[in-house]
Every structure is written in C-alpha cells, then in structure tokens.
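Colleague: So the sequence shown is residues 0 to 318, counted in numbering that gives the first Met the number 0. Where is the CB? At the ideal position from N, CA and C, for every residue including glycine.
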Amino acid sequence: MTDDAIVIEDLRKNFKDVKVLEGIDLKVERGTVLALLGPNGAGKTTTIRILSTLLQPDDGRAYINGHDVVKDPDAVRASIGLTGQYAAVDELLTGRENLEMMGRLYHLSKADSRTRAEEMLAEFELTDAANRAVKTYSGGMKRRLDVAASLIAAPPILFLDEPTTGLDPRSRLKVWDIVQQLVDAGATIFLTTQYLDEADKLADRIAVLDHGRIIAEGTADELKEKVGKDRLEVTVTKESDFDAALRAVEGAAAQSDPEERRVSVAMEGGVHEVKELLDRLERAGVKIEGLALHKPTLDDVFLHLTGHEAMENDQVTKK
Ligand SMILES: Nc1ncnc2c1ncn2[C@@H]1O[C@H](COP(=O)(O)OP(=O)(O)OP(=O)(O)O)[C@@H](O)[C@H]1O
Ligand SMILES: [Mg+2]
C-alpha cells in the first residue's frame, strides 16, 4: 500500500451539459490534512460526493485507502466518515439519540453505540445539551454534533464539506480544535472551505479549485508566496505627515494610498518587524491614526491565480 490515503486521477463529472469537474488529480498523504479551496459552485461538494461514493464520476479514478470508489464502494464507506455541507442530524431527536442512531447505522452494537455517543458528546462539549432536541441547538452546536456523528465509528479518513461556513468565530475555533485533535490522533482529513485563513490554519496542503480544475496546489506558504504576503496598513493622522511616513518606510516594499492617508508594507517576519516600523515612524515624528494587518483573502488568491475574483460561479463552462 502506498502512503497516500486518497488518490484522485483525472476525475471528471458533468451534469447534463454542465461541466463540473474537468479532470482533477490530487493525492493526500496518510495522516495529513488537505484543504480544497474554492468559491461557490467550483465543484467542491461534487468532489466530496464522488470520493464518499454518493455520486458516480463520469471518468477518471479515485482510491480511498487503496479502494476504488466505483468498484469497491463498500470498502470505501468502511474507511470514511462524512460531514456534509448541510446538517444531516435529525432535528427532532436529541443529540444523544442522533449519535446512538448513527452508531447503529455503522453497525456498532447497542452498547458500543451508547459508549461512543457518550464519548463524542463529552469531546464535543455537548454533554449538557445531550438530552435536548437538536432543533433547540445553536448553529455551532449542530455543526459540532454533525462532525461528531461522522466520527462515531472512528474512521481513519474524514471528509468535511465546509465545516465552519456560517459559524460564529468561537464555534469556528472549536471546530478547528477538533480537526487538529483528529489529525494529532492520526486521521487523514479532506476538507473544503471558502476561507483562505481556514485552509492556512488547518491544512498541510491546499488545492485551489476553480471551474472544475485545480489551478494551484501546495503548502500554505507556497501558495502565499505566489499570492503575496501579509501587509501592515498604517493610516497617518495628518495629511502633511504622509510624505514623511512614506520616506520612513522606504525600502520596505511599501505601497501608498495618499487619499486614504495610508501606507502599507509587506510583512516578512513577525512582531518585531511591526515594532521596528512603528519606531521608524515615531522617529520621523509621524502620528498614527490606525494600524491594521491585511491578510491575503480568497479573493486575493483568485485575483492573483486567475485574474478574476472568487465570485459566484455563474459563468459555468458549457460543453
Ligand atoms: N445534481 C446536480 N445537478 C445539476 N447541477 C449540479 C448538481 N450538483 C451540482 N451541480 C452544479 O455543479 C456545480 C458545482 O457544484 P458544487 O456543489 O460541487 O459546488 P461547490 O464548490 O460545493 O459550491 P458551494 O461553495 O456553493 O457549496 C454548480 O454549478 C452546481 O450548480
Ligand atoms: Mg458545496
């Protein structure tokens, strides 16, 4: 067996006359996280549905844990957990009932289902809410339950389709924590996201999907190298200080926006760099009104890689 938990070769899918996947190649090494990054309609969910045997590809191959998704779907299903883009939990059941039912679906015994459900509730901080109907849960709680449900049979490979879209920042961090713990425990994770920072935080490798093709692939650093660095934006208080500010940061790959009284500088290193920059401005007698760190966004990635923004994919390619 190779050390790749997931292998995708020239995967293709059309829906009637709409080309959705136009030949995708990817490999995910065991015990690592791959983030498939792409805007609405790029084909992320379609890819996950094919890999999790819910949808047949038109062409190409995919292997999960060495098993062909088309020829050996049962073996694939036994190796994976899936958290879909939309909640798959039953709103009328309690959190505990949902997890126990999931355990039974995965052929765990009644006793094992109960034990696993209890463990998952504790791990996902849902024990207090375990006996409430899911319809009373917050969005973050539902999402956590959803992820918990996909883990009930402790699968070695996990698919998460936009695990944090629509969550508040705190719930988002919680889901990130959980993903990190799973990886630390040796899981392989294939997740999709529309957020560059999420891919950056969680993934060992990032693949950028656009119009059904992988347009870039690499580590977060490799991708950022292409897209550009974080930028520190300094807004000066007085217009008359603007030129002095520009001179003070000269040589630091600065960009300027005189109308907004803003100078922005590419950040290479860490906090010391910010301090040095502020010191320079202070020595030049420049007063600062605002300071902001601009991290590259998905839009920056797309603008850079494709020349177009990560907009709704409404100009889908026709055959
Ligand atoms: N069952 C289907 N029948 C017809 N078209 C479909 C079907 N499923 C998906 N599509 C189309 O395929 C394209 C890709 O959809 P997909 O759901 O894979 O995108 P996505 O990257 O997951 O988007 P989002 O970020 O909105 O979830 C879209 O244009 C979508 O309308
Ligand atoms: Mg989707």
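Go through its chain and collect everything with a Cβ distance to residue 196's Cβ below 7 angstroms, but skip five positions before and after it.
Modeller: In the sequence shown, the residue the question calls residue 196 occupies position 197. Hits under 7 angstroms: 294.
Colleague: Locate the alpha helix (DSSP H) running through residue 182, then write down its first and last residues.
Modeller: By 1-based counting over the sequence shown, the position of residue 182 is 183. Per DSSP, residue 182 belongs to the alpha helix (DSSP H) from 168–183.
Colleague: Determine the direct distance from the alpha carbon of residue 243 to that of residue 46, and round the result to whole angstroms.
Modeller: Working through the sequence shown from its first residue, we reach residue 46 at position 47. Working through the sequence shown from its first residue, we reach residue 243 at position 244. About 52 angstroms.
Colleague: Contact between the stretch 188–195 and the stretch 23–39: three or more CB pairs below 8 angstroms?
Modeller: Yes, the stretch 188–195 is in contact with the stretch 23–39.
Colleague: Mind pulling the beta strand (DSSP E) runs of 3 or more residues that sit fully within the stretch 36–76?
Modeller: Runs of the beta strand (DSSP E) inside the stretch 36–76: 58–63.
Colleague: Verify the contact flag: residue 84, CB atom, against every heavy atom of ligand 2, threshold strictly below 7 angstroms.
Modeller: Walking along the sequence shown from the start, residue 84 turns up at place 85. Yes, Cβ of residue 84 sits closer than 7 angstroms to a heavy atom of ligand 2.
Colleague: By Cβ distance, which residues of its chain are closer than 7 angstroms to residue 149, with the 5 residues on each side in sequence left out?
Modeller: Stepping through the sequence shown from its first residue, residue 149 is reached at position 150. Hits under 7 angstroms: 80, 81, 82, 157.
Colleague: Does the beta-carbon of residue 161, which I'm using as the reference point, lie nearer than 7 angstroms to any heavy atom of ligand 2?
Modeller: Locating residue 161 in the sequence shown gives position 162, counting from the first residue. Residue 161 Cβ: within cutoff of ligand 2.
Colleague: Beta-carbon within less than 8 angstroms of residue 213's beta-carbon, same chain only, minus the 5 sequence neighbours each way: which residues are those?
Modeller: Position 214 of the sequence shown, counted from the first residue, corresponds to residue 213. Excluding residues within five positions, the ones whose Cβ falls inside 8 angstroms are 23, 24, 25, 206, 207.
Colleague: Mind checking whether residue 166 and residue 32 have CB atoms under 8 angstroms apart?
Modeller: As a position in the sequence shown, residue 166 is number 167, starting the count at 1. As a position in the sequence shown, residue 32 is number 33, starting the count at 1. Cβ atoms of residue 166 and residue 32: not closer than 8 angstroms.
Colleague: Classify residue 162: buried if its beta carbon has 16 or more other beta carbons within 10 angstroms, exposed otherwise.
Modeller: In the sequence shown, residue 162 corresponds to position 163, counting from 1. Buried, since its Cβ has 16 or more Cβ neighbours within 10 Å.
Colleague: Counting only runs of 3+ residues fully inside the stretch 247–302, write out the beta strand (DSSP E) ranges in chain order.
Modeller: For the stretch 247–302, whole beta strand (DSSP E) runs of length 3 or above, ordered along the chain, are 253–256, 261–265, 287–293.
Colleague: Verify the contact flag: residue 41, CB atom, against every heavy atom of ligand 1, threshold strictly below 7 angstroms.
Modeller: Sequence index remark: in the sequence shown, residue 41 carries index 42 (1-based). Yes, Cβ of residue 41 sits closer than 7 angstroms to a heavy atom of ligand 1.
Colleague: Check residue 231 in the structure and name its three-state DSSP category.
Modeller: As a first step, residue 231 is located in the sequence shown; it is residue number 232 there, counting from the start. Strand at residue 231.
Colleague: Have a look at the DSSP bridge pairing and note the partners of residue 27.
Modeller: As a first step, residue 27 is located in the sequence shown; it is residue number 28 there, counting from the start. Bridge partners of residue 27: 5.
Colleague: Tell me the rounded alpha-carbon separation between residue 126 and residue 183.
Modeller: Position 127 of the sequence shown, counting from 1, holds the residue named residue 126. Position 184 of the sequence shown, counting from 1, holds the residue named residue 183. For residue 126 and residue 183, the distance between alpha carbons rounds to 23 angstroms.
Colleague: State the DSSP-derived secondary structure class of residue 114, mapped to helix, strand or coil.
Modeller: As a first step, residue 114 must be located in the sequence shown, where it is residue number 115. In the structure shown, residue 114 sits in a helix (DSSP, three-state: H, G or I).
Colleague: Can you tell me whether DSSP reads residue 161 as helix, strand or coil?
Modeller: Taking the sequence shown and counting its residues from 1, the one referred to as residue 161 is at position 162. Three-state DSSP puts residue 161 in coil, outside helix and strand.
Colleague: Here's the rule: buried if 16 or more other CB atoms are within 10 angstroms of the residue's CB, otherwise exposed. What is residue 257?
Modeller: For the purposes of this step, residue 257 is identified with residue 258 of the sequence shown, where counting begins at 1. Looking at its Cβ environment, which holds fewer than 16 other Cβ atoms inside 10 Å, residue 257 is exposed.
Colleague: Need the endpoints of the alpha helix (DSSP H) that residue 146 sits in, please.
Modeller: Along the sequence shown, read from residue 1 onward, the residue named residue 146 stands at position 147. Its alpha helix (DSSP H) spans residues 138–149.
Colleague: Report the residue from 3, 267, 241, 215 whose alpha carbon sits nearest the alpha carbon of residue 255.
Modeller: Locating residue 255 in the sequence shown gives position 256, where the first residue counts as 1. If we check each option's Cα against that of residue 255, 241 comes out closest.
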